[in-house]
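Numbering (this note's numbering), first residue to last: 5 to 225.
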């Protein structure tokens, strides 16, 4: 059978003139050599790259020794050595495939876990918290400072009493100020000590307010 494009041929070296394409050492006469045969399309003929048995890079497409040209004419010991070489290549390919599949499964599991976390974080979560507040707990001062009219303090929370025309709401949108709504600078004071984190924040807050949300933002005094 004549060698075809991308085929493998096995034979005994006819002389000492061939050189292994991997280690660059001479292949001794009458010793087993393996050739990787490829088609030189520009010249129109086959090119064979010879290798020692131990230097031969087994092509991934060669999972069976039946495809090797000249295998049947080899000595039984060389046939066994060649069979072992290709069997090891097949085992390595299967092991690499298992590792690749395992990595893909791990990545898929991680994606699924991240997807579940995203769904949980974006879903509507309602929590009922019962806080008993008596009239005596609400004060008009905070840390010995008198609050402005209609501002009240409950423990560490300062809030504005409901003005006329306002209604209660079960929907609350709470935001941190520093690093969420605004960029602040600790080394600056005054009205220019902060700036909006994003230009779209005023429109977003207005939209939430128009949809019935009570807006909450903590300030640390």
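We put the CB at the ideal spot given by N, CA and C, even for glycine.
Counting Cβ pairs, one atom from each stretch, are 3 or more of them under 8 Å apart for the segment 180–198 and the segment 143–158?
Touching, no, given that fewer than three Cβ pairs across the two stretches are closer than 8 Å.
Going by beta carbon distance, what residues of the same chain come within less than 6 Å of residue 72, once the five residues before and after it are set aside?
Cβ neighbours of residue 72 beyond the five flanking positions: 12, 14.
On the three-state DSSP scale, how would you describe residue 218?
Strand, per DSSP.
Residues in its own chain within less than 6 Å of residue 82 by CB, not counting five upstream and five downstream?
Closer than 6 Å at Cβ, skipping near neighbours: 36.
Could you give the distance in angstroms between the alpha-carbon of residue 42 and the alpha-carbon of residue 23?
Distance between the alpha carbons of residue 42 and residue 23: 17 Å.
Based on the DSSP output, what are the partners of residue 37 in its beta bridges?
Paired residue(s): 15.
Is it true that the CB of residue 34 sits closer than 8 Å to the CB of residue 53?
Not a contact, by the Cβ cut-off of 8 Å.
Using the three-state DSSP reduction, which class does residue 87 fall into: helix, strand or coil?
Of the three classes helix, strand and coil, the one that applies to residue 87 here is helix, per DSSP.
Would you say residue 57 and residue 40 are within 8 Å of each other, going by their C-beta atoms?
Cβ distance not < 8 Å, so residue 57 and residue 40 don't count as in contact.
Tell me which same chain residues have a C-beta within less than 8 Å of the C-beta of residue 221, skipping the five on either side of it?
Hits under 8 Å: 178, 179, 180, 181, 185.
Beta-carbon within less than 6 Å of residue 59's beta-carbon, same chain only, minus the 5 sequence neighbours each way: which residues are those?
Excluding positions up to five away in sequence, the list reads 24, 26, 27.
Between which two residues does the beta strand (DSSP E) carrying residue 3 extend?
The requested residue 3 is not part of the displayed model; the chain covers only 5 to 225.
With which residues is residue 163 paired in a DSSP beta bridge?
In DSSP, residue 163 forms a bridge with 156.
Between 183, 198, 200, 212, which has its C-alpha nearest residue 176's C-alpha?
It is 212.
Considering only their Cβ atoms, is the gap separating residue 90 from residue 62 smaller than 8 Å?
Yes, these two residues count as a Cβ contact at 8 Å.
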